[in-house]
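Here is the structure we will look at.
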Amino acid sequence: AMMVKELREDEQRRALEGNEEGEMDTEIAASNMQRLFRGFSSRRMANRERDAELVFVGMKPPATEEDVLEAELADAYQKRKHAQHEHKEEYAKALEDITDKVREEEGPEMRESLREERTTWITARIEGTDGRAPEFPETLAQFYKDKEAPPAEAKEGEAKEDDGGGKKKKGDKKKDKKDKKDKKDK
């Protein structure tokens, strides 16, 4: 079969070489056109079949129109927004439930501990004034504001300790070890 094909091609080449004007024989031109069309047609068919198989397997989305895709996108957006709204409502309800539960269960304990804290502070304040009338804050907010504010002396003491620098030198480590040894010996 291969020899027959080669013989035909040789014959066609000789026929072309025989034409000095370079014109093709009509049969050769027709066979070339058929060959090209059949190749194009078979490639197109193979591509379509491959795409159909990929869609069937699920590796490629089916070819759809833009309107359908836009509708699906809008639907997904609405579903997402609806789910977000539901979750937000659930969160608000859960937060409200937790605060109510804390108020019911831990509220009295917290009030009692705060009352004890204020009572001990007042008694300490009265004992520290040597019989003079102590100064008390007018509101609870002022009480806790004064209570949370650290004294200025404590801040200065911390600043002096930090002035030594952030990193220790090699000699400082040896001194620390010696100080620890001396403390253990005593």
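Sequence positions in the sequence shown follow full-length UniProt numbering and run 1 to 186. Glycine included, every Cβ here is placed at the ideal spot set by N, Cα and C.
Asp-25 (DSSP reduced to helix, strand or coil): Here residue 25 refers to the residue found at position 25 when the sequence shown is read from its first residue. Under the three-state reduction of DSSP, Asp-25 is assigned to coil, being neither helix nor strand.
Whole-number beta carbon distance between Phe-143 and Arg-118, since they are thought to touch under 8 Å: Position 118 of the sequence shown, counted from the first residue, corresponds to residue 118. Position 143 of the sequence shown, counted from the first residue, corresponds to residue 143. At roughly 7 Å, the Cβ-Cβ gap stays under 8 Å, so Arg-118 and Phe-143 are in contact.
CB of Leu-36 within 8 Å of CB of Met-24, strictly: To locate residue 36, count along the sequence shown from 1; it is residue 36. To locate residue 24, count along the sequence shown from 1; it is residue 24. No, they are not a contact pair.
Integer Cβ distance of Lys-60 from Asp-67, believed to fall under 8 Å: Residue mapping note: residue 60 aligns to position 60 of the sequence shown, counting from 1. Residue mapping note: residue 67 aligns to position 67 of the sequence shown, counting from 1. Their Cβ separation, rounded to whole angstroms, is 20 Å, which puts Lys-60 and Asp-67 out of contact at 8 Å.
Ranges of the alpha helix (DSSP H) found wholly within the segment 59-111, counting only runs of at least 4: DSSP runs (the alpha helix (DSSP H)) wholly in the segment 59-111: 66-105.
Assigned exposure category for Glu-161 - 16 Cβ within 10 Å defines buried: As a first step, residue 161 must be located in the sequence shown, where it is residue number 161. Note that Glu-161 scores 48 on pLDDT, short of 50, meaning its location in the model is unreliable and no value can be drawn from it.
Glu-6 versus Ala-63: straight-line alpha-carbon distance, rounded: As a position in the sequence shown, residue 6 is number 6, starting the count at 1. As a position in the sequence shown, residue 63 is number 63, starting the count at 1. Each residue's Cα considered, the two are about 45 Å apart.
Ala-74 versus Thr-26 - alpha carbon distance: Residue mapping note: residue 74 aligns to position 74 of the sequence shown, counting from 1. Residue mapping note: residue 26 aligns to position 26 of the sequence shown, counting from 1. C-alpha separation (whole angstroms): 59 Å.
Span separating the alpha-carbon of Glu-135 from that of Ile-98: Taking the first residue of the sequence shown as position 1, residue 135 is located at position 135. Taking the first residue of the sequence shown as position 1, residue 98 is located at position 98. In a straight line, the C-alpha of Glu-135 is about 39 Å away from that of Ile-98.
Cutoff 6 Å; reference Gly-164; Cβ partners in own chain excluding five residues on either side: Position 164 of the sequence shown, counted from the first residue, corresponds to residue 164. With a pLDDT of 49 at Gly-164, under the threshold of 50, the predicted position of this residue should be treated as unreliable, though the coordinate-derived value follows. Here the set comprises nothing.
Other residues of its chain near Leu-95: CB distance less than 8 Å, five sequence neighbours each side excluded: If you number the sequence shown from 1, residue 95 lands on position 95. In its own chain, leaving out the 5 sequence neighbours on each side, no residue places its CB closer than 8 Å to the CB of Leu-95.
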